[in-house]
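Some notes on the structure that comes next.
Chains as they are written, first to last, in this note's numbering: chain R, 1 to 224; chain B, 1001 to 1224.
Right, dumping it as structure tokens:
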């Protein structure tokens, strides 16, 4: 599966959070990073190239800082220029996700919080675009006050980010394979033998579960 | 009360609905019409002038066609450039309204409709901006499939538009005065004597009600 990350940020080089996320996914050949302000400093979008790019990817991610409770204007401009009703049929069935970076604490985005609305509510226009195109809308990854996050929180964030970008959302088998692959990679990076053992154990568990589920499926098929 | 209508539309001269609305409010000295694409064809907004304009008006209206379930990018650009946290205190207490023109039928904007969401939900980012600034958020005036509307529907639309632009939302007295003023103006324009009589009767009723409410208030004050 190929993933396209469309980023809108007026100063991506100066953004710690954006750089942190991008460093976490370097050298992954199935991920294309596409920063609009770098490509189009004058705001003139190459519509045909953008459409080709969307066509070549199965999962489309919009990544942006929250500006006045939505994306920066540049990403809206991209939508206004690139999206078109004629493409509904051709583009249906894609996955669509949002990575939203906010300077305000998560607890404010709820009834009774200072912002009064949830991030899911604020992102409704994007969800409705996904609905219109027949895209599978992935849960929003909203990152709050990145600069105050601990090392541990940031590690956990990278895992969630990686999942949003590449974890298949369809079959359980594919999802298990994804986890096995990532746990094995993690195990290779570790030097501590206890940690290595724990990760190997996790992989064994996942594979055993996968086998068990396969057996159950065969049984169900025979009952059918 | 002075009202500022900030319009974003890439081709306002070619839009029947926009022209219809604007023709309905010509020569009203307390309404300022401000079309962004005419003023800033290159997208470079004069931030200081825009802030001054907002400052000079009590009611701010955003008027735009629905593009991908939000405003055109230009209006978002205006927000990104002009709005600023430092202005929260200075600008608080304004009225804020939206006039949204949509090509899709109203019945699709609800649970179970094709769009699945209501217009109120889609406009949540604007409502949250209003909340942040301490503005009074007026009910959204959403206009659906203007080109299919009958003459009668369009007349009713102009009344709702005029109310959104100029009807005070605070005191009942001010609201009554507004209606009396508008009914009298309407009566002057009519030639049919039956219609004139009916309108005069309505004005009498409103004024009588107003007096009665005043009396009740006095009674309440005496009981206090």
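Backbone N, C-alpha and C define an ideal beta-carbon position, used for all residues, glycine too.
So residue 27/R is in the beta strand (DSSP E); what residue range does that whole segment cover? Counting along the chain, residue 27/R falls outside any beta strand (DSSP E), and DSSP gives it neither H nor E.
Taking the C-alpha atoms as reference points, what is the distance between residue 1017/B and residue 1106/B? Here the alpha carbon of residue 1017/B sits roughly 16 Å from the alpha carbon of residue 1106/B.
Quick one, which of 1041/B, 1009/B, 1083/B has its alpha-carbon nearest residue 1052/B's? 1083/B
Note down, in chain order, every chain B residue with its Cβ under 7 Å from the Cβ of residue 43/R. 1043
Contacts around residue 132/R, its chain only, beta-carbon distance under 8 Å, and the 5 residues preceding and following it disregarded: 88
Output yes or no for whether 8 Å exceeds the beta carbon distance between residue 90/R and residue 1/R. no
Bounding residues of the alpha helix (DSSP H) (the contiguous stretch that carries residue 1176/B): 1172 to 1189
Three or more beta-carbon pairs under 8 Å between the stretch 1111 to 1123 of chain B and the stretch 1134 to 1145 of chain B, yes or no? yes
Measuring alpha carbon to alpha carbon, tell me which residue in 1048/B, 1176/B, 1099/B is nearest residue 1203/B. Proximity to residue 1203/B across 1048/B, 1176/B, 1099/B peaks at 1176/B, based on C-alpha coordinates.
Can you have a look at residue 1067/B and say buried or exposed, based on whether 16 or more other CB atoms are within 10 angstroms of its CB? buried
Taking 8 Å as the limit between beta carbons, can you name the residues of its chain near residue 72/R, skipping five residues before and five after? 8, 9, 10, 64, 65
Start and end of the alpha helix (DSSP H) containing residue 130/R? 124 to 133
Interface residues of the stretch 1067 to 1093 of chain B facing chain R [CB-CB below 9 Å]: 1067, 1068, 1069, 1070, 1071, 1072, 1073, 1074, 1075, 1076, 1077, 1078, 1079, 1080, 1081, 1083
Leaving out the 5 sequence neighbours to the left and right, which residues in its chain are closer than 6 Å to residue 115/R when beta-carbon positions are compared? 108, 109
Within 8 Å, strictly: CB atoms of residue 165/R and residue 3/R: Yes; because the gap between Cβ atoms is below 8 Å, this pair is in contact.
At the level of alpha carbons, what is the spacing between residue 81/R and residue 36/R? 13 Å
Under 7 Å Cβ to Cβ from residue 1069/B, same chain only, skipping five residues before and after it: list those, please. 1122
Do residue 1186/B and residue 1199/B have their C-beta atoms closer together than 8 Å? yes
Measure the beta-carbon distance from residue 1093/B to residue 1043/B and round it to whole angstroms, keeping in mind my assumption that it falls under 8 Å. Not really, about 30 Å apart at Cβ, beyond 8 Å.
Where does residue 1153/B land, buried or exposed, given buried means 16+ other C-beta within 10 angstroms? exposed
At a Cβ threshold of 8 Å, is residue 1159/B touching chain R? no
Spell out the partners DSSP gives residue 10/R in its beta bridges. Beta-bridge pairing links residue 10/R to no other residue.
Output the boundary residues of the beta strand (DSSP E) element that contains residue 204/R. Residue 204/R -> not in any beta strand (DSSP E); alpha helix (DSSP H) instead, spanning 193 to 223.
Could you tell me whether any Cβ in chain B is nearer than 8 Å to the Cβ of residue 38/R? no
Within 7 Å of chain R by C-beta, residues of the stretch 1113 to 1130 of chain B in sequence order: 1115, 1116, 1117, 1121, 1122, 1124, 1125, 1128, 1129
Measuring alpha carbon to alpha carbon, tell me which residue in 77/R, 169/R, 216/R, 15/R is nearest residue 102/R. 15/R
Which one of 62/R, 86/R, 85/R has the shortest CA to CA distance from residue 76/R? 62/R
Opening and closing residue of the beta strand (DSSP E) in which residue 1032/B lies: 1031 to 1035
Using three-state DSSP, classify residue 1146/B as helix, strand or coil. helix
Nearest neighbour of residue 1030/B, chosen from 1167/B, 1191/B, 1193/B [CA to CA]: 1167/B
I'd like the list of long-range same chain contacts for residue 97/R, defined as Cβ closer than 6 Å, with 5 residues on each side in sequence excluded. 61, 138, 164
Please classify residue 1026/B: is it buried, with 16 or more other beta-carbons within 10 angstroms of its beta-carbon, or exposed? exposed
Who pairs with residue 5/R in a beta bridge, going by DSSP? 33/R, 61/R
Between residue 169/R and the ligand ATP, is the CB less than 7 Å from at least one heavy atom? Absence of the ligand ATP is noted for the structure shown, with no ligands found whatsoever.
Closer than 8 Å, CB to CB, is residue 1020/B near chain D or not? The chain inventory of the structure shown lacks chain D, comprising the protein chains R and B.
Let me confirm a value: residue 125/R is counted as buried when at least 16 other C-beta atoms fall within 10 Å, else exposed. Which label applies? buried
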